[in-house]
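Residue numbers (this note's numbering), protein chains in the order written: chain U, 1075 to 1164; chain R, 108 to 293.
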Amino acid sequence: MFTIIDNGRASPVDERAGTDLAKRAEAAGRPVAIDPVERVAYLGVTASDRARALSSLEAPDFTLPDLDGRLHSLSQHRGRKVLLVAYASW
Amino acid sequence: MITVALDRSDDDARPWIETAKPTHPSLIDTRHVLADLYNIVNVPTILWIDEVGRMVRPNDVAFGTDTFKHITGLEAARHLAALRAWVRGEAPALPEARVRTLQSLPTEADQQARAEFGLGEWLSANGRREAAVRHFTRAGELAPHDFTIRRGTMPMRGVDPMGPEFRAMLGEWVKAGNPYYRPLPE
């Protein structure tokens, strides 16, 4: 058994399919992190995709939960000015 | 206002949110989705987004109070005044060309580091701390300027993010001529 994490979602696949998916993502230029011992691969997003999105100046949309598990998206705030603050307890 | 905690768990962020009792959305981002989308490498990071969803002030460092002014040298009042003027329509935000100039875009190493972080975070959440540490360490080597990784993973590595290991890391970073915070020039 192998786990592929793509787009933030973890899916179990058989080992051969997992290593194939990771190899294909790597061949497509995506950043891939693999742990062969734990049999998990994380498929990331390319720098050029991220740079293109940021250069457009359109704020990338996201959906994240609050403490009660309610989901909020940036796009729900269209029509209002938004101060977006990233912070942490550390 | 939307606040996003780049924290290990709800429980790490909870005391701060419960004390502040915010009326705005106060979100938790254990997987650093926001850091990946916006190329955020430290906290606090702020951005201004206008009514049509355009970034009119790119990643900047600003504090809401002067609690850490003695360490950071950054005064809260300057950003708060500029923010108020923009919100009230008394002053424009930055021109588009200037936003582009001031933006920092991710490199391939930054994105590889984020993939290593993502793998480490998943392993950590699944109780595989030893394996997680390998990937967090690799991520920090790939993106030494990314403190959402180097400091932000300390709780998942069993390291005190305010303790001696952090102070040693910060000391070495600053001694090599690198700033810990990179506020915009204006």
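The beta-carbon is built from N, C-alpha and C at its ideal position, and this holds for glycine as well.
With distances taken from CA atoms, which of R:Asp143, R:Asp167, R:Arg195 and R:Ala198 is nearest Ala183 (chain R)?
The option with the nearest alpha carbon to Ala183 (chain R) is R:Asp167.
Within 8 Å, strictly: CB atoms of Ile153 (chain R) and Ala169 (chain R)
Yes, the Cβ-Cβ distance between Ile153 (chain R) and Ala169 (chain R) is below 8 Å.
Check distances from the C-beta atoms of the region 1087–1106 of chain U to those of chain R and list, in chain order, the residues that come in under 7 Å.
Taking 7 Å as the Cβ-Cβ cut-off against chain R, the residues of the region 1087–1106 of chain U that qualify are Pro1105 and Val1106.
Applying a beta-carbon distance threshold of less than 7 Å, which residues of chain R neighbour Arg1083 (chain U)?
Taking the beta carbon of Arg1083 (chain U) as reference, no residue of chain R falls within 7 Å; the closest one sits roughly 11 Å away.
Nearest to Leu144 (chain R) by CA position, among U:Ser1122, U:Ala1115 and U:Glu1112, is which residue?
Taking only the C-alpha atoms, the option nearest Leu144 (chain R) is U:Ser1122.
Note down, in chain order, every chain R residue with its Cβ under 7 Å from the Cβ of Phe1136 (chain U).
Simply Val140, Leu141 and Leu144.
Do the CB positions of Gly227 (chain R) and Ala246 (chain R) come within less than 8 Å of each other?
The answer is yes: Cβ separation under 8 Å.
Arg1104 (chain U) and Gly1118 (chain U): beta carbons closer than 8 Å?
Contact: yes.
Could you pull the start and end residues of the beta strand (DSSP E) that Ile1079 (chain U) belongs to?
Element bounds for Ile1079 (chain U): Phe1076 to Asp1080.
Establish whether the CB of Ile1079 (chain U) and some CB of chain R are separated by less than 8 Å.
So, interface residue.
What is the DSSP secondary structure of Leu201 (chain R), reduced to helix, strand or coil?
In the structure shown, Leu201 (chain R) adopts coil according to DSSP, grouped into three states.
Could you work out which residues of chain R lie near Pro1139 (chain U), taking near to mean beta carbons separated by less than 8 Å?
Proximity of chain R to Pro1139 (chain U) at the Cβ level (cut-off 8 Å) is accounted for by Leu134 and Ile135, in chain order.
Ignore the nearest five residues each way along the sequence and tell me which others in Leu212 (chain R)'s own chain have a CB closer than 8 Å to its CB.
Only Asn146 meet the Cβ criterion.
Is there a C-beta anywhere in chain R that falls below 8 Å from the one on Val1154 (chain U)?
Sequence check: residue 1154 (chain U) is Arg here, not Val. A Cβ of chain R is located within less than 8 Å of the beta carbon of Arg1154 (chain U).
In whole angstroms, what is the alpha-carbon distance linking Leu1095 (chain U) and Ile1078 (chain U)?
C-alpha separation (whole angstroms): 8 Å.
Buried or exposed: where does Met162 (chain R) fall if 16 or more other Cβ atoms within 10 Å of its Cβ makes it buried?
Buried: at least 16 other Cβ atoms inside 10 Å.
Would a C-beta distance cut-off of 8 Å place Thr110 (chain R) and His131 (chain R) closer than the cut-off?
Contact flag set, yes.
Assess contact between the region 1078–1091 of chain U and the region 180–199 of chain R, defined as three or more Cβ pairs (one per stretch) separated by less than 8 Å. Is contact present?
No, they do not touch.
Quick one: Cα of Ile124 (chain R) to Cα of Val150 (chain R), how far?
Approximately 16 Å between the Cα atoms of the pair.
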